[in-house]
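Protein chains in written order, with the numbering used here: chain A, 1 to 304; chain B, 1 to 304.
Just so you know, even glycine gets a beta-carbon here, dropped at the ideal spot from N, CA and C.
Predicted model, so just to flag it, every value in this text is computed and none were measured.
What follows is a set of notes on a single structure, which appears directly below.
Below, the structure written as structure tokens:
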């Protein structure tokens, strides 16, 4: 199977710490490299993690808090300095392009590539990106301003041709595409060979969900149901539950409860408050509910 | 003497590298902490170097290239999140406040402290800041857009009272301030005691100059003459002399020549191009002219 990996560039929250960078991650699906959120210092993190700048095709911004988007202008500028030619797609609240306009006009005048903004309506669940392999959908979050999560799903894949059967039944080349899609084969003698003798099961379609920053949103469980990997913010420990609610954030335990209810296959917690000098306590609280939970950290790669 | 120190937060140039951060440094004179330039990631560097956010009173921006100012918005936001109350002064080209306005209106609405922009005219040499201890002056640089260097000078200091002499001549307390300024003392019997018997020489007034980014500017030598420490950009090696000129930058050798001609006491080179994986070669070229030259590096502190 092609790689489907999430690489953490930053998993801290609003205030900088010596341990964590502001929110950003890259999701690699085959040769697609998507970025989710782009806090300050993201371009430096790309360098440190040896991710080629030119691979990033799209950036998805969950919401307009600085720790999720202040790295955009620097990254956009550097892409231009490096002579990028491929367009860069930015999916974000429509206010972002207004806010960034004077910056872009001044710092990025006449850049070498096209910057294409796509407006997100964070209040609704909808597919905002689609190509022949994946879809990206938004799910509304509950934060102090419009905020959405993202779910990236592989589309249903094609069945695998069984080479020996092609030879045995002398299936012409031009029919094989149809077999991958489930067609049966009818021999020149008029005998129907059922598809499942000619092909093997398609690979499963994998999925990844990103939820940050938000109150726990049980209403989104229907969308999260069974995803392979859920990255969920866990800004606070259970002892800060009141503060979490006041600031529209989630505790590690709440993130784990949501993951359990949604029956996701794996949970990664992130977006840790700067008040914690060690995130193990947050992980411990999550694991009390979701035993295999993992915690994000800069440089970590989670494979699906 | 009170500390007069330059602490390097970042000494890279436009593109991020794994070794250097974008331009920023703090200059500490006694209990004053001034920042010069504020590239992306500066607030994180402050954290890593354990510099208290609340100490920074003023930020001086040499010019409006992203690697010298993209860190402002994040730092301003974090200061607000931390409930700062003291005003923050930003000295920069007047365009900066226009460019930042939509960002500040959106991300920093109702912040807890006053943000005061002071417009710089980078084309002239002038004093832009003055208090009872220091002055900060601009010197015009030659770059691809308006750019200035900064010279921070301690004002002339007061002479030191010699305690035993105060007792010996029974100098009343209220006259001592005048002695520090050079007055003689006239005894009740009408005898004049010359100041130099009562006081010792004042400490020397120290000075620091920051020049980045620029072509070598021999016309500024008159301002740089004899400064204690000159930080000068040395983006390129001598082999890239043509490129340096084209991009309005300086080579390490040129920086050293300028330092030598200006007879500065110490030279620190910085703003290294991302093309170099090791800056020792730049330092070597500078030292061929200015033997005691040093190179900037994140975390290094240069004491005057």
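Rounded separation between residue i and residue j - CA only
| i | j | result |
| --- | --- | --- |
| residue 134 of chain B | residue 60 of chain B | 14 angstroms |
| residue 303 of chain A | residue 35 of chain A | 16 angstroms |
| residue 157 of chain B | residue 205 of chain B | 7 angstroms |
| residue 145 of chain A | residue 254 of chain A | 21 angstroms |
| residue 114 of chain A | residue 99 of chain A | 18 angstroms |
| residue 15 of chain B | residue 40 of chain B | 11 angstroms |
| residue 280 of chain A | residue 241 of chain B | 52 angstroms |
| residue 48 of chain B | residue 107 of chain B | 24 angstroms |
| residue 285 of chain B | residue 224 of chain A | 59 angstroms |
| residue 141 of chain B | residue 73 of chain A | 25 angstroms |
| residue 52 of chain B | residue 93 of chain B | 26 angstroms |
| residue 265 of chain B | residue 111 of chain B | 42 angstroms |
| residue 75 of chain B | residue 9 of chain B | 13 angstroms |
| residue 269 of chain B | residue 38 of chain B | 18 angstroms |
| residue 54 of chain A | residue 24 of chain A | 17 angstroms |
| residue 260 of chain A | residue 21 of chain B | 41 angstroms |
| residue 83 of chain B | residue 109 of chain B | 13 angstroms |
| residue 166 of chain A | residue 68 of chain A | 51 angstroms |
| residue 168 of chain A | residue 162 of chain A | 10 angstroms |
Counterpart residues of residue i in DSSP-defined beta bridges
| i | result |
| --- | --- |
| residue 217 of chain B | None, per the DSSP bridge assignment. |
| residue 35 of chain A | A:26, A:59 |
| residue 232 of chain B | B:211, B:269 |
| residue 202 of chain B | Answer by DSSP bridge pairing: none, since residue 202 of chain B is not bridged. |
| residue 136 of chain B | B:129, B:152 |
| residue 49 of chain B | Residue 49 of chain B pairs with nothing; no bridge assigned. |
| residue 12 of chain B | B:272 |
| residue 7 of chain A | A:26, A:301 |
| residue 294 of chain B | B:268 |
| residue 160 of chain B | B:200 |
| residue 92 of chain A | A:119 |
| residue 186 of chain A | A:192 |
Run of the beta strand (DSSP E) containing residue i, from where it starts to where it stops
| i | result |
| --- | --- |
| residue 307 of chain B | The displayed coordinates of chain B run from 1 to 304. Any statement about residue 307 of chain B would go beyond what the structure contains. |
| residue 270 of chain B | 267-270 |
| residue 243 of chain A | Counting along the chain, residue 243 of chain A falls outside any beta strand (DSSP E), though it belongs to the alpha helix (DSSP H) covering 241-246. |
| residue 283 of chain B | Unbroken run through residue 283 of chain B is the alpha helix (DSSP H), 280-287; no beta strand (DSSP E). |
| residue 209 of chain B | 207-211 |
| residue 113 of chain B | Segment: none, residue 113 of chain B is in no beta strand (DSSP E) and carries neither H nor E. |
| residue 303 of chain B | 301-303 |
Exposure label - residue i; buried when at least 16 CB within 10 Å
| i | result |
| --- | --- |
| residue 131 of chain B | exposed |
| residue 227 of chain B | buried |
| residue 50 of chain B | exposed |
| residue 101 of chain B | exposed |
| residue 231 of chain A | buried |
| residue 210 of chain A | buried |
| residue 235 of chain A | buried |
| residue 123 of chain A | exposed |
| residue 173 of chain A | exposed |
| residue 191 of chain A | exposed |
| residue 78 of chain B | buried |
| residue 139 of chain B | buried |
| residue 277 of chain B | exposed |
| residue 262 of chain B | buried |
Residue from the options whose Cα sits closest to the Cα of residue i
| i | options | result |
| --- | --- | --- |
| residue 1 of chain A | A:129, A:160, A:114 | A:160 |
| residue 42 of chain A | A:7, A:29, A:168, A:32 | A:7 |
| residue 187 of chain A | A:26, A:175, A:54 | A:175 |
| residue 195 of chain B | B:203, B:189, B:58, B:180 | B:180 |
| residue 271 of chain B | B:66, B:287, B:13, B:127 | B:13 |
| residue 116 of chain A | A:58, A:268, A:11, A:165 | A:58 |
| residue 291 of chain A | A:278, A:257, A:273 | A:257 |
| residue 28 of chain B | B:10, B:71, B:277, B:56 | B:56 |
| residue 220 of chain B | B:199, B:20, B:125 | B:125 |
| residue 105 of chain B | A:217, A:64, A:275 | A:64 |
| residue 95 of chain B | B:249, B:197, B:239, B:120 | B:120 |
| residue 31 of chain B | B:3, B:88, B:18 | B:3 |
| residue 201 of chain A | A:147, A:216, A:182 | A:182 |
| residue 208 of chain B | B:251, B:18, B:26 | B:26 |
| residue 147 of chain B | B:136, B:214, B:154, B:90 | B:214 |
Proximity test, residue i beta-carbon vs the ligand FAD heavy atom, cut-off 7 angstroms
| i | result |
| --- | --- |
| residue 8 of chain A | In the structure on display, the ligand FAD does not appear, and there are no ligands present to speak of. |
Delimiting residues of the alpha helix (DSSP H) encompassing residue i
| i | result |
| --- | --- |
| residue 66 of chain B | 66-69 |
| residue 97 of chain B | 95-107 |
| residue 145 of chain A | Counting along the chain, residue 145 of chain A falls outside any alpha helix (DSSP H), and DSSP gives it neither H nor E. |
| residue 261 of chain A | 252-261 |
| residue 238 of chain A | No alpha helix (DSSP H) holds residue 238 of chain A; DSSP gives it neither H nor E. |
| residue 167 of chain A | 163-169 |
| residue 178 of chain B | 176-180 |
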